[in-house]
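Numbering (our numbering), first residue to last: 3 to 114. Just below is one structure, and these are the notes that go with it.
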Amino acid sequence: ILVEAFGLQTLYEPTPLLKEWLTIDKHIELNEHEKYLLHQVHQKLIKNMSHWNEEELKMNFISMMMLLAYFDDPIKTYYDREISATIGDVLLSCKSDMMLSKGIGEMIKTLA
3 ILVEAFGLQT LYEPTPLLKE WLTIDKHIEL NEHEKYLLHQ VHQKLIKNMS HWNEEELKMN
63 FISMMMLLAY FDDPIKTYYD REISATIGDV LLSCKSDMML SKGIGEMIKT LA
């Protein structure tokens, strides 16, 4: 129903916003503590990725990568948030495992 209602299609190239985000020229040097943390998390991933469930992957690896990413304000990382929107006559809602968004405290808004 959603595919027909919204004309959804599989994209094989990044959207313009994602492409812009991925091409931002930022060179970040990691300090020794950050390099150590990155190495430890990477080793943990290699040992456990075949049997971690989604929550374990999120908490043991993805959250550590988000910590090292240093997103600029107002971009924040949110976990297990209910999100919804009404588009036309259709109510869309879900629980997001993890998302990046602009936000102040509990108020989250879209990046578009």
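Heads up, the beta-carbon is just placed ideally off N, CA and C, and yes, glycines get one too. Just so we're clear, the structure is a prediction, and the values are computed from it rather than from any experiment.
Of the residues the options, the one placed nearest residue i, counting alpha carbons only
i, options, result
"residue 47", "72, 62, 56", "62"
"residue 35", "10, 102, 70", "70"
"residue 8", "88, 102, 16", "88"
Cβ-Cβ separation, residue j to residue i (assumed contact under 8 Å), whole Å
i, j, result
"residue 82", "residue 99", "7 Å"
"residue 32", "residue 40", "7 Å"
Sequence-distant residues of its chain with Cβ nearer than 8 Å to residue i (five each side left out)
i, result
"residue 86", "93, 94, 95, 96"
"residue 43", "62, 63, 66, 67"
Range covered by the beta strand (DSSP E) that runs through residue i
i, result
"residue 84", "77–89"
Span of the alpha helix (DSSP H) around residue i
i, result
"residue 30", "Note, residue 30: premise wrong, no alpha helix (DSSP H); not H, not E."
"residue 60", "Taken as a continuous stretch (DSSP letters only), residue 60 belongs to no alpha helix (DSSP H), as it is neither H nor E."
Own chain, CB closer than 7 Å to residue i, minus 5 neighbours either side, in chain order
i, result
"residue 6", "none"
Those residues which DSSP pairs with residue i across a bridge
i, result
"residue 97", "84"
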